[in-house]
Amino acid sequence: MAKFNLDYYSGENFYSDGDIEKEILKIVKTQGSYESMENVPFPVLYHLSRVRENILNWYPFQEDATCLEIGSGCGAISGLLCERMKKVVSVELSKQRADINMARHERVPNLEIWVGNLNDMVFGEQFDYIVLNGVFEYAPGFTEGDQPCETFLKNIKRLLKPEGILLIAIENRFGLKYFAGAPEDHTNGYFDGIAGYPDNHSVRTFSKGEWERLMEACGFSYHRFYYPYPDYKFPREVFTDESLKEQKYGLPTWNFTKYRMALFREGQVAETIQQDGRMDYFANSFLIEMSRNQIRADKKVLYAKMSTDRDRHFSIATTIEEQNGEKVVVKQPMTNEAKRHLQNMQNKQKDYGSWISLGVKAKGDAVVTPFLQEKSLGQQAKQAIYEHNVEKVKNLISTVSMLCEKESAATGNRHIVSREMSGRERTEFAQVFGTSQICPELPCIAPANIDLILDNIFEKDGKYRVIDCEWIFDFPVPVAFIIWRAINELYSSYPQLEQDCRMQELLEEYQITQEMSETFHKWGTYFAEHYVGANRVLHYSIPEIGISLEEFRKRHQEKDLLNCQLFVDTGNGFREEEKIQAETVLQDGAFRVTFDLKNFKDWKALRFDPLEGKPCICRIDHAGTNAKLKAANASGKVEHGDLFLTTDPVYLVKMEENKDQVKISGMIAVLSMEEALERANWLLGKKNGLAFWRK
C-alpha cells in the first residue's frame, strides 16, 4: 500500500481547480477513468488522461533508482514513475490533489505521498532522480528571496545524489505557439511571457538561453534539452537537438486552450525555422535533463513518438536511439495488452520481391530494427513540394502502386478482385474498416500492408525498404485504398501541394473517383477510430480561432476610408446618374474633400452625402466662402455636430453662385448600431447621453 505523509501539511491548500477536483476524486474512486463520460471538463482530461505520461514513458530510467517527484498534482505521472523505479516520493502542496493521487495509486507499494511545501521538508536521503512536471514556473510563489527560481533550483540540487539526474518539464516562454496567438498558459494573457511577464511576479517561464544561464549559476555542469510537441502537457512526440534537424516539427495536432488565435500557420513557420536551424529556441516546451556530473546512459534517445492515445491493445512508443554508437529504432508496448500487437508485427516481417521489410529483433517486450540513413520517399517528396516539382511528387507516389503491383507476381501472394473475397475475408475486412460498400471489381492484394505511405519507404540501389510494418493484414485489401492512403497522408502533411496539383486530379490518375475517395475516407476513419481507437483525446480538442491580419488591416482601412458623394440636380432631381464620388482618408476623425463640377453646367441644387450605410455624428467646419450646408435628415444637434441616426446622412448645399469646385472639410464619427440606439434613447429622454466622440 502507498504511504500518505501529512507531517508537513499546514492545513492550507494554496491552489485548486475548484469543486471540479471533488468530482475528479469521485471519478477515480467510482469509475477509475473518464472515458465513459459524455461531457469531460478540461481539468478532468488534464489530470486523468494517459497521454500525460508521454512526457516520460519513453525515458530510460535506471530500474533500481529512487525518485523524488515535486508537485505531483493528481498523480498524472506518479504511477508511471512507480512502474519504472524502486521507490518514488511524491510531494504535493495541495492535500485535495494529494488525496486524488492516493486514491489512484493506493495499492502501489513503492509510493510515498508527502503533503506540504518542499522547502520545509526533511527527507533524510538523496535521490537518483528528481522530476518536476509543470511546477518550476511557480517557484516565485512559494520560494522567498530576490532570486526565488535560482534559490529553488539550488534547494532541489541538495536533494540529488552526486550522479543524480534532475528532469524539469516546462513551457518555453518563446514558444512558437505564443507568437502564433496562444494565450500564456499561466496568466491567460497574450504575449505575456514573450514580453517578460510585465504585470506578474508569481509565475514565470524561461527561454533556452535563460535556462542555460540558470543551470550554470546553480552548478549543473551537464544538461540535455528535449522538446515535447505540441507541449509537455499532452505530448505526442519528443525531439532532441539531433532529431530537430531530421524530423518534421509542427504537424497538425490537438489544442485544449480556449481563445487560442491562429495568426499564422504554425506548421509552415516551424518548417522555415527548422530550415534555419533555430527550432530549439522556439519549441513550445522543454524537458531538461541536468546533472552535476556527466550523464551516463546505455542508450541515448534521439526522438520519441508515443501512440498511447489508442486502444490499449495498440498502445506503443517508438524511439530512435543511439546504442553503442549505432542508431536503431525501438518499438515498445506501453500496456500489457499491446505486447501481442508487437509480436504480431514481428511475425509478419518478411522479404518481398519488390520491397524488403527490415529485420526485426526482439529485445524483451520491445522490437528493434536498424535505422536507415537514406532519405525516405516522404523526405524527398517534401523537398519536391517546396520546389513545386509536381512530376517528382507523382513519380514518388507511383512507387506505391509499383510495389503493390509487383508484390503478387514476385511472391505468389493472392491478387484478386474484391468480388472474389470469401465470406470470412469480408467479415475480417469489416471488423477493421467497417461495412461501407466495396466496389466489386477493385483489384485487391493479400497479405496487404496498408501503411505504404511515403514516409515509410526508402530506396537504395534499386531496392526498396519499408519500415513501420505495423498494419499488415492477411485478408485482401484493395490496392486503390493503399494508394489513396499514401496520397491522403501526403496532402494532409503538406496542404500547400493542393495549389500545384489538386488531390482529386492525382487520385484520378489511379482511377480513384470522388465516390471511391469518399468510401476510402470512411474506411480510414473507421480503422482509426473504431479498430485502432486512435486520437481519442482529439475529441476534446478546441478549434483555434483563425485571425487574418490582412482582413483586420482591410477592415481598419475601410473604417478610416470615407466615401463621400455629391449629388447634382440639373433639373431632374437628385439621381444616381448625376453624382460625383470622392474618396478620402480620415485623420483622427477629420476629413477634407473636393468635388469638381466642371462637367455640370447650369445645375440647380447640390446634395452632400458624407457617408453611406452607417449612422454618424458629423460637423461641417468649412465649405468655401460662398457655400452653406444644412443637415436635411439629422435627428438633432449634439455638442460635436449633427446626429444622424439614419444610415444615409444628407446635407443640402446652398451656394450664392455656381462654381466649378466645392471644398468641404469637417469632423465625422461613425457610430455602431448599439451607439445609435443609445443616442436614440437619449433623444427620447429615456436615459442620459453617451460620450462617444471618437478621434
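Residue numbers (this note's numbering): 101 to 795.
All C-beta atoms in this analysis are idealised placements derived from N, C-alpha and C, irrespective of residue type, glycine included.
Just so you know, these numbers come straight off a predicted model, no measurement behind them.
Sub-7 Å separation of residue i and residue j beta-carbons
i, j, result
"residue 264", "residue 228", "yes"
"residue 575", "residue 525", "yes"
"residue 691", "residue 680", "no"
"residue 423", "residue 461", "no"
"residue 361", "residue 281", "yes"
"residue 158", "residue 484", "no"
"residue 554", "residue 477", "yes"
"residue 466", "residue 443", "no"
"residue 577", "residue 544", "yes"
"residue 272", "residue 356", "no"
"residue 169", "residue 194", "no"
"residue 567", "residue 496", "no"
"residue 188", "residue 180", "no"
"residue 714", "residue 750", "no"
"residue 340", "residue 237", "no"
"residue 583", "residue 500", "yes"
"residue 734", "residue 742", "yes"
"residue 318", "residue 253", "yes"
"residue 217", "residue 242", "yes"
"residue 330", "residue 353", "yes"
"residue 415", "residue 445", "no"
"residue 284", "residue 293", "yes"
"residue 154", "residue 406", "yes"
"residue 225", "residue 103", "no"
Where residue i falls, given that 16 or more other Cβ within 10 Å makes a residue buried
i, result
"residue 106", "exposed"
"residue 488", "exposed"
"residue 585", "buried"
"residue 772", "exposed"
"residue 410", "buried"
"residue 498", "exposed"
"residue 788", "With a pLDDT of 46 at residue 788, under the threshold of 50, the modelled position of that residue is not reliable, and the figure given next carries that caveat. That one is exposed."
"residue 762", "buried"
"residue 512", "Unreliable placement is indicated for residue 512, whose pLDDT of 48 sits below 50; no coordinate value is reported for it."
"residue 685", "exposed"
"residue 652", "exposed"
"residue 117", "buried"
"residue 647", "exposed"
"residue 150", "buried"
"residue 687", "exposed"
"residue 215", "buried"
"residue 722", "exposed"
"residue 147", "buried"
"residue 131", "exposed"
"residue 383", "buried"
"residue 262", "exposed"
"residue 480", "buried"
"residue 768", "buried"
"residue 375", "exposed"
"residue 469", "buried"
"residue 510", "The pLDDT assigned to residue 510 is 43, lower than 50, so where the model puts this residue is not dependable; a value taken from the coordinates is nonetheless given after this. It is exposed - the Cβ of residue 510 has fewer than 16 other Cβ atoms within 10 Å."
Cross-strand partners of residue i (DSSP beta bridge)
i, result
"residue 498", "Looking at the DSSP assignment, residue 498 forms no beta bridge with any residue, so it has no partner."
"residue 707", "667, 752"
"residue 743", "717, 736"
"residue 407", "416"
"residue 722", "765"
"residue 531", "In the DSSP output, where bridge partners are listed per residue, residue 531 has none listed."
"residue 544", "516, 578"
"residue 391", "322"
"residue 695", "762"
"residue 215", "192"
"residue 473", "In the DSSP output, where bridge partners are listed per residue, residue 473 has none listed."
Could you give the uninterrupted runs of the alpha helix (DSSP H) lying entirely in the region 133 to 199, keeping only those of 4 residues or more?
-> 142 to 148, 178 to 184
Inter-stretch contact at 8 Å, needing at least 3 Cβ pairs: the region 631 to 644 / the region 727 to 739 = no
Is the region 339 to 349 close to the region 360 to 378, with three or more CB pairs under 8 Å?
-> yes
Decide yes or no for the touch test of the region 701 to 713 against the region 652 to 672: beta carbon pairs closer than 8 Å, at least 3 of them.
-> yes
Is it true that the region 256 to 274 meets the region 213 to 232, where meeting means three or more beta-carbon pairs spaced less than 8 Å apart?
-> yes
At least 3 beta-carbon pairs within less than 8 Å: the region 523 to 543 vs the region 556 to 567 = no
Start-end ranges of the beta strand (DSSP E) lying completely within the region 314 to 389, minimum 3 residues | 322 to 329, 337 to 340
Could you say if the region 159 to 167 and the region 128 to 136 meet the contact criterion of at least three C-beta pairs nearer than 8 Å?
-> no
Just checking, does the region 193 to 206 make contact with the region 249 to 262 on the three C-beta pairs under 8 Å criterion?
-> no
In chain order, each alpha helix (DSSP H) run of at least 4 residues that lies wholly inside the region 596 to 683 | 597 to 600, 603 to 608, 614 to 626, 649 to 660
Contained alpha helix (DSSP H) runs [length at least 4] in the region 243 to 305, N- to C-terminal order = 248 to 258, 276 to 280
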